[in-house]
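This report concerns only the one structure given below.
Laid out in structure tokens, this is it:
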């Protein structure tokens, strides 16, 4: 729409144009042409009027363009203002503009009253400064003071920033406000003001504080749990140290075979109990992501047989058969983490025995090669632990591998357990490059499968098939009512190039002999329904063809030496589950009538010459009397005589009386613990009189080793003490800078 001014300009220009045209035309049409001055004047005036009209038309058009441009700009500014107002409304804040020259607010949104209790007219920069208690800057300005930020703003280093302000309203209420500000500068870069937005973030701050308190509480709970686990570890490991240490000492004394077997079982059980205790510690390490694996050589057969032997007594009490089978192409000399593998098998076999009331528990192992570096040979080992127990419903399997999970509450009441074993075992499998899964049907037993990756050792044991040439082609009668046990025994005998004939009962064995079949040796299971192994042996001794047949009795642990067994003149007695090495030795001795190896006295694990090679004056710092006895006897077997201190105070007094080369320092002692004692020794004794200090402690959580070293200790041996690690620590004391300083 054209404005009134533009209409007037155009109308005025039109009148002038008409008048000028009239005057020019009149002058040109007058008689005689330009005959008089008046005609010349009229013509000139007409031209001037025409030029004036052209000028007015141009002015009108230019003014029209300017007005249209101004209206477009005004419309754009209105749109920007509307957008700004919507953004402010959406942000829920209070806008402001501040003049840095006059130090006043030139504009403050009406929401300031609700935010602070002060009106927009009352609000000044000085008032804002007076109600602000805390200024916390964000981003690149985090950690700076208000004056430091102001200096950067004035110097032009910063143009925009956000700070969190704690203010006190007129009503005395504390509120957190986020102040986002942008600096306004003139052409020379000087600060002339700023625009900003104030937002109430009180609820957000309260939420952050609640989350921070929850995080602190969780960390405190984690520290409390870690301290509890450390204390429990110490308290449990202390008697275990005595059990394992004393059985190790007992094994170093003259024992009959049965006593040695029992004692070795006690030590093995103690080590397994230690492994079970470590489950709880491992769960804590898993939560913190600090569970590590070791790489060490181990024998697969020995590891499996050790696990089965551990549960042999319990299985015998329930009438269960424990067997295992390893496929011939599976390497048995491996490099991996044997303790973690035993931990998984201990858990799975223990559960299988626990939840099986009749039948058997079987471990099978096979392997596949895994692509690897040319110089290495990796294998994926597949283990299956099968039982004939109660089985698991499909709907219960989903939660089976969760921490603290049991199938139902009655399971815990009847069978016990923490519910940690499967969760930890599955995590261990994943750490070792494998997985774990379950196949089961309620009432029909369960099979737990798991895989791990391991490298085969560079030197494999000699194939058992050529262990002794005298075994080749020998016929062996195997009598056992359990199919898995027959299959396992037959598989081992085939591997030794023997010819087994396996039957399920004494009656079937007699039928074979009555039919005229000849055998070189017979393996008889002692516990069979109907005719057991002893009854079958008695019948065989009465038959002409089998009266002199060598018989080997397979009997549950602890049930071998009875008068009836002795009267039947068995060639050998083997404990079930049967170990390959024991069976190979027995068969070799029976079939060759010679011992498979020269009879040698038991080789002691203790080196009595260590003290001669590495003479030291040793002080033992230990408050537990039983542990004192274990350590004292262990060191005596190594040739050392030790002095004993019951706490840190006695250690300091002993050092004042005489110097010591080495101190075995318990960490947790009354009066003064081992860490504080070590710090005092390092601070008070001259460098040339400093003893070598080995922490000998039941603390075995992540970080305990570092704490001992930080206190000034030189080495660390965890309880229960393993002889080889103690010897390594003693030998390591010879090669330290402190030992060299002492000469």
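In the working numbering, the protein residues as written are 5 to 747.
No residue lacks a Cβ here, since even glycine has one placed at the ideal position from N, Cα and C.
Closest Cα partner of residue i within the set the options
i: residue 390; options: 448, 177 and 550; result: 448
i: residue 255; options: 591, 487 and 638; result: 638
i: residue 318; options: 328, 307, 458 and 353; result: 353
i: residue 131; options: 109, 143 and 139; result: 109
i: residue 549; options: 299, 525, 534 and 737; result: 525
i: residue 644; options: 611, 341, 252 and 698; result: 611
i: residue 112; options: 733, 583, 214 and 99; result: 99
i: residue 395; options: 537, 356 and 278; result: 356
i: residue 476; options: 533, 592 and 538; result: 592
i: residue 371; options: 474, 685, 262 and 333; result: 333
i: residue 697; options: 621, 674 and 634; result: 621
i: residue 398; options: 83, 71, 392 and 442; result: 442
i: residue 523; options: 167, 535, 511 and 552; result: 552
i: residue 329; options: 502, 494, 66 and 539; result: 494
i: residue 508; options: 520, 127 and 533; result: 533
i: residue 269; options: 138, 501, 718 and 309; result: 309
i: residue 617; options: 597, 192 and 642; result: 642
i: residue 343; options: 542, 367, 250 and 306; result: 306
i: residue 452; options: 435, 429 and 436; result: 429
Burial state of residue i, where buried means 16 or more other Cβ atoms lie within 10 Å
i: residue 194; result: exposed
i: residue 445; result: exposed
i: residue 486; result: buried
i: residue 320; result: buried
i: residue 76; result: exposed
i: residue 581; result: buried
i: residue 733; result: buried
i: residue 327; result: buried
i: residue 123; result: exposed
i: residue 80; result: exposed
i: residue 632; result: buried
i: residue 403; result: exposed
i: residue 674; result: exposed
i: residue 629; result: exposed
i: residue 186; result: exposed
i: residue 358; result: buried
i: residue 745; result: With a pLDDT of only 44 at residue 745, under the threshold of 50, the placement of this residue in the model should not be trusted, and no figure is reported.
i: residue 106; result: exposed
Terminal residues of the alpha helix (DSSP H) in which residue i lies
i: residue 134; result: 129-135
i: residue 687; result: 678-688
i: residue 320; result: 316-322
i: residue 587; result: 584-596
i: residue 151; result: 150-159
i: residue 723; result: No alpha helix (DSSP H) contains residue 723, which DSSP labels as neither H nor E.
Beta-carbon contacts of residue i that lie in its chain and below 7 Å, excluding the five residues immediately before and after
i: residue 259; result: 267
i: residue 670; result: 625, 626, 627, 678, 700 and 701
i: residue 197; result: 101, 102, 103, 104 and 188
i: residue 323; result: 362
i: residue 148; result: 141
i: residue 650; result: 627
Same chain, Cβ closer than 6 Å to residue i, neighbours up to 5 away in sequence not counted
i: residue 378; result: A caution first: residue 378 carries a pLDDT of 46, below 50, which makes its placement in the model unreliable, though a value can still be read off. Hits under 6 Å: none found.
Three-state secondary structure (DSSP) of residue i
i: residue 507; result: strand
i: residue 122; result: coil
i: residue 175; result: coil
i: residue 560; result: strand
i: residue 203; result: strand
i: residue 110; result: strand
i: residue 530; result: coil
i: residue 622; result: strand
i: residue 444; result: strand
i: residue 301; result: strand
i: residue 267; result: helix
i: residue 405; result: coil
i: residue 329; result: strand
i: residue 99; result: strand
i: residue 350; result: helix
Endpoints, the beta strand (DSSP E) within which residue i is located
i: residue 178; result: 178-189
i: residue 364; result: 363-374
i: residue 479; result: 479-483
i: residue 456; result: 450-460
i: residue 383; result: 382-391
i: residue 340; result: 337-340
Close beta carbons around residue i, own chain, < 8 Å, minus the five adjacent residues each side
i: residue 505; result: 479, 480, 481, 482, 516, 521 and 523
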